[in-house]
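Novice:
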Amino acid sequence: MVRIKAKNILLVSPRMLSEHALMACKSIKHVTDKNQIFPALFEVKPDLIIFDVDFISEDTNKIIRRIRTNSFYDRTKICCYKSNFKISEESLLKSLGVDDLVNVRDIEEQKNDNFALAVHQLFNQAANRLAV
-17 MVRIKAKNIL LVSPRMLSEH ALMACKSIKH VTDKNQIFPA LFEVKPDLII FDVDFISEDT
43 NKIIRRIRTN SFYDRTKICC YKSNFKISEE SLLKSLGVDD LVNVRDIEEQ KNDNFALAVH
103 QLFNQAANRL AV
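Letter by letter, the sequence shown follows residues -17 to 114 in this note's numbering.
(1) Does the beta carbon of L30 come closer than 8 Å to any beta carbon on chain B?
(2) Thinking C-beta only, is I46 closer than 8 Å to I69?
(3) What's the C-alpha gap between K27 and N(-10)?
(4) Are the beta-carbon atoms belonging to Y55 and I32 less than 8 Å from one another?
(5) According to DSSP, is D82 part of a helix, a strand, or is it coil?
(6) Kindly identify the DSSP beta-bridge partner or partners of Y63.
(7) Using DSSP with H/G/I as helix, E/B as strand and the rest coil, what is I(-14)?
(8) Leaving out five residues on either side along the sequence, give the residues of the same chain with a beta carbon under 7 Å from the beta carbon of A72.
(9) Could you check the C-alpha separation between I49 and N66 for me, to the nearest Å?
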């Protein structure tokens, strides 16, 4: 399996990362408003999109379908994280084209509830799991 290193990452989450984490990885565009997802997609042209499913819960299907139907974003990998996945949600997201699903509880247990470190771990897991 070939590992990729995402050059441009779009993070859709309500929590702000610390400035230290953003300075360490300048290729992250952080979006905290659902209405700014598609303008940010056009601006950044990300290799990896990371969604907080708890944040965009009612619009998850619509947003992912809209991204996957646009052939311009065929090579864009999508990763979702949530506090707790149900089997039905997991299978629906996989069928919509999500490349990776991460349970936030597992990450937070490893990193002592530090969000910035948890997101860093999420990036590492996503990059290690996704193949070109």
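Glycine included, C-beta positions come from ideal geometry on N, C-alpha and C. Everything numeric in this text was worked out from a predicted model, so none of it was measured.
Specialist: If we stick to the structure as given:
(1) Considering every chain present, this structure includes no chain B. It has just one protein chain.
(2) no
(3) 7 Å
(4) no
(5) strand
(6) D34, V84
(7) Per-residue confidence for I(-14) stands at a pLDDT of 49, beneath the threshold of 50, marking its modelled position as unreliable; the derived number appears in the next sentence. Three-state result, I(-14): coil.
(8) Going by the sequence as given, residue 72 is Glu instead of Ala. Closer than 7 Å at the Cβ level, and outside the excluded window around E72, lie L83.
(9) 24 Å
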